[in-house]
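Okay, so the sequence shown: first residue is 1 according to full-length UniProt numbering, each after it adds one. Where a beta carbon is used, it is the ideal one built from N, C-alpha and C, also for glycine. On a predicted model such as this, the values are computed, not experimentally measured, just so you know. Structure, as structure tokens:
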Amino acid sequence: MAELICIVCPIGCHLTVDEANDYKVTGNRCKKGEAYGKQELQNPVRTITSTVRLNAAELTRLPVKTSDTIPKGKMSDIMTVINHTEVTAPIEAGDVIISNVLDTGVDVIATRTIKKAI
Numbered sequence: 001m002a003e004l005i006c007i008v009c010p011i012g013c014h015l016t017v018d019e020a021n022d023y024k025v026t027g028n029r030c031k032k033g034e035a036y037g038k039q040e041l042q043n044p045v046r047t048i049t050s051t052v053r054l055n056a057a058e059l060t061r062l063p064v065k066t067s068d069t070i071p072k073g074k075m076s077d078i079m080t081v082i083n084h085t086e087v088t089a090p091i092e093a094g095d096v097i098i099s100n101v102l103d104t105g106v107d108v109i110a111t112r113t114i115k116k117a118i
């Protein structure tokens with residue numbers, strides 16, 4: 001049995017997931033909590049938000065995020081790629097900074113527009 005706090009909505013239900021009983025979830029107040037509890041134990045995923053180095057601009061870092069969730073087990077490797085990435089302005093919010101990061105099918109995208117270089 002695993003105990004989790006659901007993060008899907010602000011209620012924060014205390015979930016219990018019974019792996020031995022086909023991942024039966026109790027403590028949830030809605031279907032979203034049930035789905036979250038099962039997914040968190042069977043295939044946990046996360047969205048990464050971070051920054052990359054930014055050259056030739058007033059700021060030195062550009063905020064980025066993954067365009068979709070990625071497997072939790074790949075977070076560290078993806079962060080290594082992000083931490084070794086450098087971009088140069090101009091950048092538009094939504095621009096793909098890293099395409100198909102580590103063959104996950106997920107892009108790392110800019111979350112801020114940087115108009116001009118210095």
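| request: Name the one or two DSSP bridge partners that residue 101 has. | output: Bridge partners of residue 101: none, in fact.
| Going by DSSP, which residues form a beta bridge with residue 53? | 61 and 86
| How many angstroms separate the CA atom of residue 37 from the CA atom of residue 28? | 9 Å
| task | Name the one or two DSSP bridge partners that residue 3 has. | result | 16
| query | At a cut of 8 Å, does the segment 17-36 reach the segment 56-68 through at least three beta carbon pairs? | reply | no
| message | Quick check on DSSP: helix, strand or coil for residue 66? | response | strand
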